[in-house]
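Student: Convert by adding 234 to the 1-based position in the sequence shown; the result is the number in the numbering used here.
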Amino acid sequence: MAVQRTFSIIKPDATKRNLTGAINAKIEASGLRIAAQKRLRLTEEQAGIFYEVHKGRPFYEELCAFMASGPIVAQVLEGENAIAKYREVMGATDPADAEEGTIRAEFAQSKGENSVHGSDAPETAEAEIAYFFSGLELVG
Ligand code: DAT
Ligand code: MG
235 MAVQRTFSII
245 KPDATKRNLT
255 GAINAKIEAS
265 GLRIAAQKRL
275 RLTEEQAGIF
285 YEVHKGRPFY
295 EELCAFMASG
305 PIVAQVLEGE
315 NAIAKYREVM
325 GATDPADAEE
335 GTIRAEFAQS
345 KGENSVHGSD
355 APETAEAEIA
365 YFFSGLELVG
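#1: Using C-beta distances below 6 Å, list every residue in its chain close to Cys298, excluding the 5 sequence neighbours before and after it, in chain order.
#2: Report the three-state DSSP secondary structure of Ala269 (helix, strand or coil).
#3: Is it the case that the Cβ atoms of Phe367 and Val287 are separated by a distance below 8 Å?
#4: If you draw a straight line from the C-alpha of Ser303 to the C-alpha of Ala236, how long is it?
#5: Helix, strand or coil for Gln309, going by three-state DSSP, please let me know.
#6: Can you tell which of Lys319, Thr254, Lys289 has the C-alpha that lies nearest to the C-alpha of Ser264?
#7: Ignoring anything shorter than 4 residues or poking outside the stretch 325–355, list the alpha helix (DSSP H) runs there in chain order.
#8: Using a Cβ-based criterion (distance less than 7 Å to any ligand heavy atom), does Asp354 qualify as near the ligand MG?
#9: Taking C-beta to C-beta, are Thr254 and Ile317 nearer than 8 Å?
#10: Where does Pro292 land, buried or exposed, given buried means 16+ other C-beta within 10 angstroms?
#11: If you run the structure through DSSP and keep just helix, strand and coil, what is Phe293?
#12: My output table needs one value for Thr254: the three-state DSSP class, helix, strand or coil.
#13: Say yes only if the C-beta of Leu253 is nearer than 7 Å to one or more non-hydrogen atoms of the ligand DAT, and no if none qualify.
#14: For Val373, which three-state DSSP category applies?
Shown next, in the form of structure tokens:
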């Protein structure tokens with residue numbers, strides 16, 4: 235499998251608790267490289283576009299409000315099989331189901347406030363990276 239890119243977000247619940255460094259340590263320990271990274275704050279509208287696929291689900295409004303509630307860290311991660319690998323490092327959506335040692339098992343507060351986002355497929359990774367980063371910001 236060739237080197238692949240995935241898109242990651244360290245969510246507001248995690249930046250609020252000063253967990254950016256601890257989460258990045260887990261990412262780097264897994265062998266993934268943080269190829270690009272920036273801290274920013276989304277509006278609810280920008281969060282709504284990012285999570286458009288979930289529009290209409292009962293948790294959508296709450297999710298958008300949460301994602302706009304504080305700073306996030308947007309990242310591009312690189313490595314062998316990066317998309318699946320990062321999903322493993324993150325753990326299950328609900329921290330109660332996440333395997334020991336994963337980011338969500340260790341840091342997530344609930345199914346909604348679950349500390350990190352990671353792309354789920356090559357097409358979504360590409361679109362999500364393009365939503366947050368220009369080509370000039372991807373330095374490897
Ligand atoms: P993941 O972030 O693991 O890819 P997802 O794409 O199904 O999960 O959902 C996106 C986010 O929406 C998830 O990280 C947290 C929130 N979410 C999903 N299901 C939820 C639920 N049943 N209640 C509250 N928030 C939920
Ligand atoms: Mg998802």
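Idealized CB from N, CA, C, for every residue including glycine.
Everything numeric in this text was worked out from a predicted model, so none of it was measured.
Tutor: From the atom records:
#1: If we look at Cys298 and ignore the five residues flanking it on each side, its Cβ neighbours are Glu278, Ala281, Gly282.
#2: Looking at Ala269 - three-state DSSP - the assignment turns out to be strand.
#3: For the 8 Å CB-CB criterion, Phe367 and Val287 do not form a contact.
#4: Rounded to the nearest angstrom, the two C-alpha atoms are 37 Å apart.
#5: Correct three-state label for Gln309: strand.
#6: Nearest in C-alpha terms to Ser264, of all of Lys319, Thr254, Lys289, is Lys319.
#7: If only complete runs of 4 or more residues are kept, the stretch 325–355 shows the alpha helix (DSSP H) at 337–341, in order along the chain.
#8: Asp354 Cβ: within cutoff of the ligand MG.
#9: With respect to the 8 Å criterion, Thr254 and Ile317 are not classified as neighbours on the basis of their beta carbons.
#10: With fewer than 16 other Cβ atoms within 10 Å, it is exposed.
#11: Taken through DSSP and simplified to helix, strand or coil, Phe293 comes out as coil.
#12: Helix.
#13: For the ligand DAT, no non-hydrogen atom lies closer than 7 Å to the CB of Leu253.
#14: DSSP places Val373 outside both helix and strand once states are collapsed to three, so it counts as coil.
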